[in-house]
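Let me begin by presenting the structure, written as structure tokens, before commenting on it.
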Amino acid sequence: MLSESVDLKAEKKEFNRKFLSIIMPLLVSSIFSQCLTFIDQWMVSTLGSTAIAAVGVSTNFFSVYFTFLYGCNTGAGIYLTRYWGQKNIKDFQRIIWTAVTVTFTVGLVMCLAAMIFPDIIIRLFNRDPLVIEKAKPYMRIVAVSYLLDAICYAVSFCFRNIGNVKIPMIQGIGSMMFNMLFNYMFIFGKLGSPKLGVTGAALGTLAARIVELIGLLLYFFLSDNPIRKNLFKALKTLNVGLYKEYLKTSLPLCANDMLWSLGLSFYYMVYGTRGTEVYAGMSILNTMEMFAKLAIMGFAGACTIMLGIEMGSADMPKVYRYADRFNRVSIIAGLLSCSIIVALMLPVQHIYGIKGTLEGECVRNCMCVLAIYCIPNAVNCIKVEGIFRSGGDVKYLTLMDAGSIWMIGMPLTLILGLIFKVDIWYVYAAHIAIELFKLPLGQRRLRSRKWYHNVTEAVSSVENN
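In structure tokens, the structure reads:
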């Protein structure tokens, strides 16, 4: 008993050391990434509510593609962390190429859709003629960055899933700095650039993404890491069987994330019926929600990496103990997120200059709801995005995630927003109902330990051509 107690204490210290070494760079990366969105939106806010709504419409469309990117790369991450734990570089490289080709293909389709049919896409979210006029050129320019995002996210997740989270952190800082510079130039006509307003914000985003991609690729191929060796030889080993095995895991994740994103887009369609001011206010709130989730997603990201690597070493009792520890610390993530929202509640109205306006009232009241929402969301998110996703339990997490928004969130939003037409903050409170629905489902699944699946065995068995 004494030996076991000492081992558990040593394991706890090891857990804390690994967790802190991963969580801090992830949080810094997320903070800078979200600051980029915040500063970008703040710069656009100086152009008025119509400009905020125009950028918000384009962002909502991109979020659909982003969730696909996230689903594909986290799907790849289920394999990558385990292969890294096994020191299986060959299959690690094959999964990287598989993810890149899939996401780039979808990025090309989304890019062409945004460039050819911007009117149709924009009208799904907002029918204000002024918003449509400003959103069209923004969407067409930003669409080009979709192709760059496919490669950027793949390389970033590659480093992240081997535990090298400092590179995504540097990427996030660099991306924010360059985007601020280019936005300053193109939006306001500084440093010899023409004053382009909303269109300038799109050019700033695209220019920053180009610089980001160049920097990532230079580091990847010039640094001394085992992943780049014989990387292009691995490209020749891709075959239909490998894609099938990868997509068995990744497509349900993509479907879950895209269904979730489409559900959120449905919310914004409802918000859009309340006028441009309310829609602009909800676009600002969306940025605040992303700030609130920084701690939550950081904890979930650390959970995914640590559990995945331990699964690769096949020490399942240790994996289950790690999962239980992450479940306990999820409350801390929720309280941190709640504190962030409370701290931002007053400053955000002054920063955006919306105090005393309909936008300001909308943001203030919805942030009160958001502060409450953060705690159950943290508990659920660390299970779904961290424990269940790393375990390859894609069907159950889809039931919890996408199922909740379509079966609970959307009907409530429709009834409250379009039928009863209650104040928008009551409509937004439907988010809390979703999280309460998910709480017992997640806890029951965690205790059953049925969330672990050996997904790498099938991929490794696929013969190379």
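Start counting the sequence shown at 1; every next residue gets the next number (the UniProt record's numbering). From the three backbone atoms N, C-alpha and C, an ideal C-beta is built for every residue, glycine too.
Burial state of residue i, where buried means 16 or more other Cβ atoms lie within 10 Å
i	result
residue 68	buried
residue 224	exposed
residue 201	buried
residue 332	exposed
residue 449	exposed
residue 114	buried
residue 21	exposed
residue 218	exposed
residue 103	buried
residue 71	buried
residue 57	buried
residue 143	buried
residue 16	exposed
residue 12	exposed
residue 105	exposed
residue 343	exposed
residue 195	exposed
residue 117	exposed
Nonlocal neighbours in the same chain, by C-beta distance under 7 Å from residue i, ignoring five residues either side
i	result
residue 220	155, 228
residue 18	306
residue 455	78, 79, 249, 392
residue 276	49, 50, 53, 128, 131
residue 92	80, 83, 84, 227
residue 337	292, 293, 295, 296, 374, 378
residue 35	176
residue 231	93
residue 437	404, 408
residue 441	400
residue 427	270, 413, 416, 417
Candidates the options, of which the one nearest residue i by Cα
i	options	result
residue 120	109, 111, 250, 136	136
residue 397	443, 284, 190	443
residue 10	215, 321, 88	321
residue 112	131, 139, 344, 162	139
residue 430	390, 329, 369, 399	369
residue 302	23, 114, 104	23
residue 204	409, 216, 189	189
residue 386	210, 344, 435, 300	300
residue 94	240, 65, 213	240
residue 379	346, 192, 296, 222	296
residue 253	42, 394, 423	394
residue 411	143, 270, 374	270
residue 233	418, 15, 89	89
residue 366	345, 153, 162	345
residue 145	65, 409, 133	65
residue 273	41, 416, 191	416
residue 107	153, 126, 134, 423	153
residue 209	451, 171, 7	171
residue 30	251, 324, 340, 169	169
residue 451	323, 422, 330	323
residue 383	27, 428, 158, 446	446
residue 7	215, 213, 318	318
Same chain, Cβ closer than 6 Å to residue i, neighbours up to 5 away in sequence not counted
i	result
residue 349	355, 360
residue 166	25
residue 173	32
residue 235	97
residue 308	81, 82, 390
residue 164	none
residue 211	178
residue 45	52, 352
residue 161	77, 80, 81
residue 281	359, 362, 363
residue 381	296, 300
Sequence-distant residues of its chain with Cβ nearer than 8 Å to residue i (five each side left out)
i	result
residue 98	76, 238, 242, 243, 246
residue 357	277
residue 432	369, 372, 373, 376
residue 425	362, 365, 366, 368, 369
residue 409	263, 267, 430, 431, 433, 434
residue 193	185, 186, 200
Residue-level contact to chain B via CB, residue i, 7 Å cutoff
i	result
residue 181	No chain B appears in this structure, which consists of one protein chain only.
Segment contact flag, the segment 281-301 with the segment 142-157, C-beta cutoff 8 Å, min 3 pairs: no
Where in the segment 118-185 do unbroken runs of the beta strand (DSSP E), each at least 3 residues long, occur, reported from the N-terminal end onward? none
Using 8 Å as the cut-off, can you tell me whether the segment 122-129 makes contact with the segment 177-192, which would need three or more C-beta pairs spanning the two stretches below that distance? no
Please confirm if the segment 310-325 is in contact with the segment 272-289, defined as three or more CB-CB distances below 8 Å between the two stretches. no
Report yes or no: do the segment 53-62 and the segment 72-87 share at least 3 C-beta pairs separated by less than 8 Å? no
If you scan the segment 4-77 from start to end, which runs of the beta strand (DSSP E) of 3 or more residues do you find wholly inside it? none
Please specify which runs of the beta strand (DSSP E), each continuous and at least 3 residues long, are wholly inside the segment 79-113, giving them in chain order. none
Which complete alpha helix (DSSP H) runs does the segment 219-267 hold, if anything under 4 residues is left out? 231-235
For the 8 Å Cβ check, are there 3 or more pairs between the segment 396-414 and the segment 262-279? yes
Segments assigned alpha helix (DSSP H), at least 4 residues, entirely inside the segment 310-398: 316-344, 347-352, 358-381
Return the chain-ordered ranges of every alpha helix (DSSP H) run that is complete within the segment 268-315 and spans a minimum of 4 residues. 276-292, 294-312
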